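Remarks on the structure that follows.
What follows is the structure, encoded as structure tokens:
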């Protein structure tokens, strides 16, 4: 997406504006979403306005807004959207924001941890369903104290059943193909993601050769059509677009999933320890040779 807004269609295909949730051919109802690292949204708000005028988007997630208390909501407003922002404190740069279409009711959540550069909202979908959305900017120069606060914040978020988290996490050493990290901070983050059975949807580099920007969900089927596109203006990060499935069509078969968060791990361990493995292996060996 370049600065004069002549190349916006490289990010996502344009669509006609609608007045309700998007109805997909499958019968699913959905929200169209975009995320980008802005490296100063103040300097790019006109570009974003231009993009929104041509593309049907419901949720806009932004990191590195570089907002400050001197920048008003009115200056950053986009027609048809409510703005939620969390500016970096004490220092310049950083900051996160979410624009939510006025077609969806959103409520800001203040009780999900205390990590400063994180913003959380609850989306209240027609029909009664709720989705918790979060956007996070993790500085590569985070202290260990900051890292501990981030971990606790993510644990708070994991208490909700339908969660979408997106942002610039700056863990370049994580290998997402093999789910392995090099540094202690990366390994700790991976453990949080795995312990909560979250799904990480970004498989392509988002800055140079690194996957720094992540899209996490509590349920894999919440997300479809993930695309890593062009950079946003002069930013050095690629935009990410996706479709969030809000409700699924009646024709889709219901699938049952094991809810491992509610597993009785102590009972499972007791039963595991009670197994007589010698007898089991002997029985298997007898079956093998008969």
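Residue numbers (the numbering used here): 4 to 293.
We treat Cβ as the ideally placed atom computed from N, Cα and C, and that holds for glycine.
Since the model is a prediction, treat every value here as computed from it, not as a measurement.
Residue 279 to residue 268, Cα distance in whole Å?
19 Å
Which residue wins for smallest C-alpha separation from residue 173, given the options 193, 274, 199 and 164?
193
Measuring only the C-alpha atoms, how far is residue 277 from residue 168?
40 Å
For the beta strand (DSSP E) containing residue 33, name the first residue and the last one.
Here the beta strand (DSSP E) through residue 33 covers 32-40.
Along the alpha helix (DSSP H) that carries residue 273, what are the first and last residues, could you check?
268-277
Verify whether the separation of the beta carbon atoms of residue 226 and residue 247 is less than 8 Å.
yes
Can you tell me whether residue 238 is buried or exposed? The criterion is at least 16 other CB atoms within 10 Å of its CB, across all chains shown.
buried
Contact check, residue 158 vs residue 120 under 8 Å by CB: the rounded distance?
Between residue 120 and residue 158 the Cβ distance is about 17 Å, and since that is not below 8 Å, they are no contact.
Residues in the same chain with beta-carbon distance under 6 Å from residue 177, minus the five sequence neighbours each way, listed in chain order, please.
184 and 189
Could you give the DSSP three-state label for residue 112: helix, strand or coil?
Note: residue 112 maps to strand in three-state DSSP.
Select from 289, 150 and 45 the residue whose C-alpha is nearest the C-alpha of residue 77.
45
What residues match up with residue 123 in a beta bridge as DSSP calls it?
Residue 123 is bridged to 112 and 137.
According to DSSP, which residues form a beta bridge with residue 65?
39 and 100
Could you give the first and the last residue of the continuous beta strand (DSSP E) run that contains residue 72?
That residue, residue 72, is in no beta strand (DSSP E); it is neither H nor E in DSSP.
Quick one: give me the first and last residue of the alpha helix (DSSP H) that residue 192 is part of.
That run of the alpha helix (DSSP H) goes 187-198.
I'd like the span of the alpha helix (DSSP H) that includes residue 155, first residue to last.
147-160 is the span of the alpha helix (DSSP H), which, as asked, contains residue 155.
Per DSSP, what kind of secondary structure is residue 261 in: helix, strand or coil?
coil
Checking 8 Å against the spacing of the C-beta atoms, do residue 87 and residue 124 come in under that value?
Result yes, Cβ atoms of residue 87 and residue 124 sit closer than 8 Å.
Within its chain, find whatever has a CB closer than 6 Å to the CB of residue 199; leave out the 5 residues flanking it on each side and keep chain order.
Once the five neighbours on either side are set aside, the close Cβ partners of residue 199 are 161.
Taking just the CA atoms, how far does residue 221 sit from residue 164?
7 Å
What do you get for residue 133, buried or exposed, if any count of 16 or more other CB atoms within 10 angstroms of its CB means buried?
exposed
Let me check understanding here. Comparing Cα to Cα, which of 84, 58 and 201 lies closest to residue 262?
From the listed residues 84, 58 and 201, the smallest Cα separation to residue 262 is found for 201.
Can you grab the Cα-Cα spacing for the pair residue 272 / residue 68, in whole Å?
Their Cα atoms are separated by approximately 47 Å.
So if DSSP puts residue 84 in a beta bridge, which residue, or which two residues, is it bridged to?
Residue pairing from DSSP places residue 84 in a beta bridge opposite 104.
Give a yes or no on whether the C-beta atoms belonging to residue 122 and residue 99 are separated by under 8 Å.
yes
Between residue 249 and residue 219, how many whole angstroms is the CB-CB distance? I'm expecting something under 8 Å.
Incorrect: roughly 18 Å between the Cβ atoms, too far for contact.
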